[in-house]
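The block underneath contains the structure these notes are about, expressed in structure tokens.
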Amino acid sequence: MDAATIEHMREVHARFEGRKGTLALFGDSITVSLAFWAPLAYEPRNMPPEMDQAVRLVKAYMVPECWREWRGPEFGNEGRTTIRWAAENIDAWLNRLRPETAIIMFGTNDLNDLGEEEYRERLEMVVRRCLDHGTVVILTTIPPRHGFAEKAARFADIIRETAHNLKVPLIDYHAEILKRRPDDWDGAHDQFQGYETYEVETLIARDGIHPSNPQRLMGDFPAESLRISGFGLRNYLTVLRYAEVIQKVLQARE
Numbered sequence: 090m091d092a093a094t095i096e097h098m099r100e101v102h103a104r105f106e107g108r109k110g111t112l113a114l115f116g117d118s119i120t121v122s123l124a125f126w127a128p129l130a131y132e133p134r135n136m137p138p139e140m141d142q143a144v145r146l147v148k149a150y151m152v153p154e155c156w157r158e159w160r161g162p163e164f165g166n167e168g169r170t171t172i173r174w175a176a177e178n179i180d181a182w183l184n185r186l187r188p189e190t191a192i193i194m195f196g197t198n199d200l201n202d203l204g205e206e207e208y209r210e211r212l213e214m215v216v217r218r219c220l221d222h223g224t225v226v227i228l229t230t231i232p233p234r235h236g237f238a239e240k241a242a243r244f245a246d247i248i249r250e251t252a253h254n255l256k257v258p259l260i261d262y263h264a265e266i267l268k269r270r271p272d273d274w275d276g277a278h279d280q281f282q283g284y285e286t287y288e289v290e291t292l293i294a295r296d297g298i299h300p301s302n303p304q305r306l307m308g309d310f311p312a313e314s315l316r317i318s319g320f321g322l323r324n325y326l327t328v329l330r331y332a333e334v335i336q337k338v339l340q341a342r343e
């Protein structure tokens with residue numbers, strides 16, 4: 090995070106009046122899935138040093154139920170949902186949960202029929218609502234998607250621009266996938282025939298939509314895992330950014 094983002098998030102957090110350590114996960118099926126975030130609550134294996142340090146910090150700070158219990162539509166995450174759904178419900182979520190921090194990733198389902206400008210407007214509105222409530226926002230770019238690679242890239246650009254313009258932290262999941270698998274991220278391609286949907290050993294599953302989640306790498310983070318397990322990569326990136334936010338923003342008031 091740059092200095093301007095840190096300063097702005099400290100200003101937002103100064104208005105927060107809810108429960109310390111609460112983390113909301115706002116998103117679609119890639120977020121409601123217990124393959125996201127929940128595995129880190131246990132004892133992840135073979136973590137690189139920076140991840141091990143981040144996990145320790147998060148476990149010491151975050152409210153434990155936010156690992157896996159804050160799931161379902163009343164908590165702001167549900168399969169097949171869109172940024173329109175988020176815009177319609179964000180006030181209710183914020184009033185009910187009063188989260189200190191919110192990780193937001195919508196857009197994969199919007200690729201089907203939503204225009205770029207409406208996506209930008211609704212995403213910005215959702216982020217601003219959170220900031221107005223004193224909730225620190227961490228935006229996440231959507232992953233590439235089979236059949237929508239160019240539009241997904243444009244949506245990822247919109248998310249980056251929104252994070253920059255509103256001075257909120259960013260997890261650039263889209264860029265990190267392409268950095269590791271620039272030419273073979275898409276598990277829907279013929280070269281991955283024979284794999285079960287989530288077992289495919291690249292970052293996007295056989296359905297071409299969701300992150301992969303090979304069983305042999307569940308909760309295991311050797312170096313190879315970050316270019317094979319799509320959910321593993323998201324968990325790695327998310328815990329690093331959230332730990333940085335805890336250290337540089339949330340604990341700055343203490």
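First residue of the sequence shown? That's 90 in this note's numbering, and the numbers climb one at a time after it.
Glycine residues also receive a C-beta, built at the ideal position from the N, C-alpha and C atoms.
Bear in mind the structure is a predicted one, so any value in this text is a computation, not a measurement.
Which same chain residues end up closer than 8 Å to residue i when comparing Cβ atoms and leaving out the 5 residues on each side of it in sequence?
i, result
"Arg211", "Ile172, Arg173, Ala175 and Ala176"
"Pro303", "Tyr287, Glu288, Val289, Glu290, Ile317 and Ser318"
"Leu203", "Thr171, Ile172 and Arg173"
"Arg249", "Thr230, Leu259 and Asp261"
"Glu265", "Leu322 and Leu326"
Nearest to residue i by CA position, among the options, is which residue?
i, options, result
"Val101", "Ile179, Glu189 and Ala113", "Glu189"
"Arg269", "Gly321, Ile227, Arg305 and Asp202", "Gly321"
"Ile119", "His278, Asn254, Leu315 and Arg169", "Arg169"
"Arg104", "Pro153, Ala181, Thr224 and Asn184", "Thr224"
"His299", "Trp126, Ala149, Ile231 and Val152", "Ile231"
"Lys148", "Lys337, Val338, Leu339 and Val328", "Val328"
"Asp180", "Ala93, Tyr150 and Arg218", "Arg218"
"Asp279", "Pro258, Asn254 and His235", "His235"
"Val152", "Arg134, Ala127 and Pro137", "Ala127"
"Ser122", "Thr251, Leu200, Gly276 and Met194", "Met194"
"Pro271", "Arg160, Ile293, Ile335 and Gln282", "Ile293"
"Phe115", "Met140, Gly165, Asn135 and Tyr131", "Gly165"
"Pro258", "Val216, Glu206, Arg305 and Glu158", "Val216"
"Arg323", "Ala277, Leu267 and Leu220", "Leu267"
"His222", "Lys240, Arg185 and Ala277", "Arg185"
"Glu158", "Glu265, Ala124 and Asn135", "Ala124"
"Trp274", "Met136, Leu220 and Asp296", "Asp296"
"Leu146", "Arg160, Gly110 and Gly161", "Gly110"
"Asn254", "Leu228, Pro233, Lys240 and Gly276", "Leu228"
"His263", "Asp91, Ser301 and Ala242", "Ala242"
"Asn135", "Gln336, Val334, Ala341 and Ala312", "Ala312"
"Ser301", "Ala252, Pro162, Pro233 and Val334", "Pro233"
"Leu220", "Leu129, Ala252 and Leu200", "Ala252"
Taking residue i as part of the beta strand (DSSP E), name the residues at either end of that continuous run.
i, result
"Leu112", "Leu112 to Gly116"
"Ile298", "That residue, Ile298, is in no beta strand (DSSP E); it is neither H nor E in DSSP."
Could you tell me whether the Cβ atoms of residue i and residue j are closer together than 9 Å?
i, j, result
"Phe310", "Tyr331", "no"
"Gly308", "Pro133", "yes"
"Tyr70", "Phe244", "Given that the chain is displayed from residue 90 to residue 343, the structure contains no residue 70 and the question cannot be resolved."
"Ile247", "Ile192", "no"
"Gly283", "Arg187", "no"
Can you name, in chain order, every residue of its own chain whose Cβ lies under 7 Å from the Cβ of residue i, other than the five neighbours on each side?
i, result
"Val338", "Ile95, Met98, Arg99, His102 and Val225"
"Asn198", "Asp117, Arg169, Thr170 and Thr171"
"Ala143", "Val328, Leu329 and Ala332"
"Ser314", "Leu306 and Gly321"
"Ala93", "Lys256"
"Met214", "Ala176"
When you measure from the CB of residue i to every non-hydrogen atom of the ligand ADP, does any distance come out below 8 Å?
i, result
"Val216", "Inclusion of the ligand ADP in the displayed structure is not the case, the ligand content being empty and no account of it being possible."
Beta-carbon within less than 6 Å of residue i's beta-carbon, same chain only, minus the 5 sequence neighbours each way: which residues are those?
i, result
"Leu112", "Met151, Cys155 and Thr190"
"Gly196", "Ile231 and Phe244"
"Trp182", "Gly165"
"Glu239", "none"
"Phe281", "Val289"
Taking the continuous alpha helix (DSSP H) assigned at residue i, which residues delimit it?
i, result
"Glu100", "Ala92 to His102"
"Tyr131", "Here Tyr131 belongs to no alpha helix (DSSP H), and DSSP marks it neither H nor E."
"Lys109", "Note, Lys109: premise wrong, no alpha helix (DSSP H); not H, not E."
"Arg323", "Gly319 to Lys337"
"Leu123", "Careful: Leu123 lies outside any alpha helix (DSSP H) and carries neither H nor E."
"Val144", "Pro138 to Tyr150"
"Leu306", "That residue, Leu306, is in no alpha helix (DSSP H); it is neither H nor E in DSSP."
"Trp174", "Ile172 to Leu186"
Fill in: Minimum length 4: unbroken alpha helix (DSSP H) runs contained in the stretch 194–276
205–221, 238–255 and 262–269
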